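Going left to right, the sequence shown walks through residues 1 to 290 as UniProt numbering numbers them.
The structure under discussion appears below in the form of structure tokens.
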Amino acid sequence: MPDFFVLFDNLKRTSVLSVLRFNRQTKPKRGSQMSQLNSILSLFEITDKNIIVKQISTKISPTGLHIHTINADLINDPIRCPHCGFKTLIKNGKHLSHIRLGTLNDGRYQLDLNKQRYLCRNCHETCGALTDIVQTNATFSNNIKQQVVILAKKSLPAKTIAEILAISNSSVQRILNSLSTQPYRIKKLPEHLCFDEFRSCHHLMSFNCCDAVTHQCVVMLPDRLSKHIIDYFESHFSLTERATVQSVVVDMNAAYASFIHQLFPNSVVIIDRFHIIQLAGRALDKERVH
Ligand SMILES: [Zn+2]
Numbered sequence: 001m002p003d004f005f006v007l008f009d010n011l012k013r014t015s016v017l018s019v020l021r022f023n024r025q026t027k028p029k030r031g032s033q034m035s036q037l038n039s040i041l042s043l044f045e046i047t048d049k050n051i052i053v054k055q056i057s058t059k060i061s062p063t064g065l066h067i068h069t070i071n072a073d074l075i076n077d078p079i080r081c082p083h084c085g086f087k088t089l090i091k092n093g094k095h096l097s098h099i100r101l102g103t104l105n106d107g108r109y110q111l112d113l114n115k116q117r118y119l120c121r122n123c124h125e126t127c128g129a130l131t132d133i134v135q136t137n138a139t140f141s142n143n144i145k146q147q148v149v150i151l152a153k154k155s156l157p158a159k160t161i162a163e164i165l166a167i168s169n170s171s172v173q174r175i176l177n178s179l180s181t182q183p184y185r186i187k188k189l190p191e192h193l194c195f196d197e198f199r200s201c202h203h204l205m206s207f208n209c210c211d212a213v214t215h216q217c218v219v220m221l222p223d224r225l226s227k228h229i230i231d232y233f234e235s236h237f238s239l240t241e242r243a244t245v246q247s248v249v250v251d252m253n254a255a256y257a258s259f260i261h262q263l264f265p266n267s268v269v270i271i272d273r274f275h276i277i278q279l280a281g282r283a284l285d286k287e288r289v290h
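In structure tokens:
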């Protein structure tokens with residue numbers, strides 16, 4: 001081979017080697033990059049090691065909200081088929097799930113999770129990789145549901161919770177309804193009822209109704225507004241059920257007497273002895289002091 005070609009060949013080799021060396025020096029290690037990207041999940045208390053973050057992208061919604069999308073893979077290789085128990089699973093594509101994570105620095109974060117799917121060669125059933133950050137077929141992560149409950153316990157209105165977590169008002173209601181148990185509805189109204197009020201939180205007077213015989217609570221309402229009391233009994237009990245009530249014991253609150261016959265057409269209004277004696281005692285005290 002002539003000297004010129006030997007020199008050219010050597011130059012080509014060194015340039016290729018230098019490019020390889022350059023690439024090796026500048027390209028960050030795959031593991032360290034992944035761990036940096038995965039660290040964002042720890043902000044949302046996601047510690048599932050099967051979730052591998054690939055990239056994070058940001059876009060601005062028409063309302064000016066920053067929407068950060070975390071693109072990740074969920075790879076959780078099950079050894080046996082959950083349907084038949086045989087070790088006959090093969091990879092069968094991926095399923096993309098959109099999971100809402102919550103807000104951070106006024107930006108909304110969502111996780112686009114590619115879940116690995118598997119096909120069983122024995123029973124021909126399919127299954128997928130599992131994670132505990134979200135329930136099956138749910139859009140909201142368990143963390144965001146927990147945040148809704150924590151904020152609701154602070155007596156914040158649903159609209160405010162929705163604004164804080166950048167979710168819709170109806171989603172807040174749906175999450176709360178799914179996590180709360182419906183109050184027990186008594187099948188039959190007692191024949192004798194007692195109405196009274198008591199001072200509850202925020203210096204408000206709440207309404208309490210109980211069975212006059214057994215003293216078991218029938219309902220407790222957050223306020224004592226006539227409208228809400230009428231709404232409760234009319235929406236929970238039919239007229240036939242309400243017609244079975246024979247007496248309602250009340251204090252001297254004139255507002256109750258105005259709608260008791262409307263709610264319970266066959267009832268008699270009885271003023272509680274305690275309140276009559278209390279009134280007489282107070283009047284006597286006032287006159288004595290005077
Ligand atoms: Zn199977």
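Beta carbons: idealized from backbone N, C-alpha and C, even for Gly.
Note that this is a predicted model, so its numbers are computed, not measured.
Query                                                                                                                            : Result
T103: first and last residue of the uninterrupted beta strand (DSSP E) it sits in                                                : 89-104
Straight-line gap, V213 to H192 (C-alpha atoms, nearest Å)                                                                       : 7 angstroms
Any non-hydrogen atom of ligand 1 within 7 angstroms of T88 CB                                                                   : yes
Any non-hydrogen atom of ligand 1 within 7 angstroms of E234 CB                                                                  : no
Close Cβ partners of V172 (< 7 angstroms) along its chain, the five nearest in sequence each way excluded                        : V148, A158, I161, A162
Closer than 7 angstroms: C123 CB and nearest ligand 1 heavy atom                                                                 : yes
Option nearest K154 by Cα separation, candidates L113, I56, C201                                                                 : C201
Cβ-based burial, I144 [other Cβ within 10 Å; buried from 16]                                                                     : buried
The stretch 107-121 contacting the stretch 76-95, beta-carbon criterion three pairs below 8 angstroms                            : yes
Cβ pair count under 8 angstroms reaching 3, the stretch 54-62 against the stretch 90-104                                         : no
H83 - DSSP class collapsed to helix/strand/coil                                                                                  : coil
Beta-carbon proximity of L74 to L41, cut-off 8 angstroms                                                                         : no
Span separating the alpha-carbon of G128 from that of G93                                                                        : 10 angstroms
Per DSSP, the bridge partner or partners of C210                                                                                 : C194, C217
Any 3 or more C-beta pairs closer than 8 angstroms across the stretch 132-141 and the stretch 42-59                              : yes
Residue closest to K54, alpha-carbon to alpha-carbon, out of I150, T126, A72                                                     : A72
CB of P190 within 8 angstroms of CB of D223, strictly                                                                            : no
Buried/exposed call for L279, threshold 16 Cβ in 10 Å                                                                            : exposed
Neighbour-count burial assignment, C194, 16 or more Cβ in a 10 Å radius                                                          : buried
Residues bridged to G107 (per DSSP)                                                                                              : H66, L104
Neighbourhood of C123 by C-beta distance below 7 angstroms, restricted to the same chain and skipping five residues each side    : C81, H83, C84
Neighbourhood of V249 by C-beta distance below 6 angstroms, restricted to the same chain and skipping five residues each side    : C194, A212, I270, D272
For V149, the three-state DSSP class (helix, strand or coil)                                                                     : helix
Environment of F237 [buried if 16+ CB atoms lie within 10 Å]                                                                     : buried
Inter-residue Cα distance where the pair is L263 and N208                                                                        : 16 angstroms
Cut-off 7 angstroms between Cβ atoms - residues of its own chain near D196, not counting five sequence neighbours on either side : N208, D251
Heavy atom of ligand 1 within 7 angstroms of H83 beta-carbon                                                                     : yes
Q278, DSSP secondary structure in three states                                                                                   : helix
Boundaries of the alpha helix (DSSP H) in which T160 is found, first to last residue                                             : 158-165
8 angstroms CB neighbourhood of S57 in its chain, flanking five on each side removed                                             : H68, T69, N71
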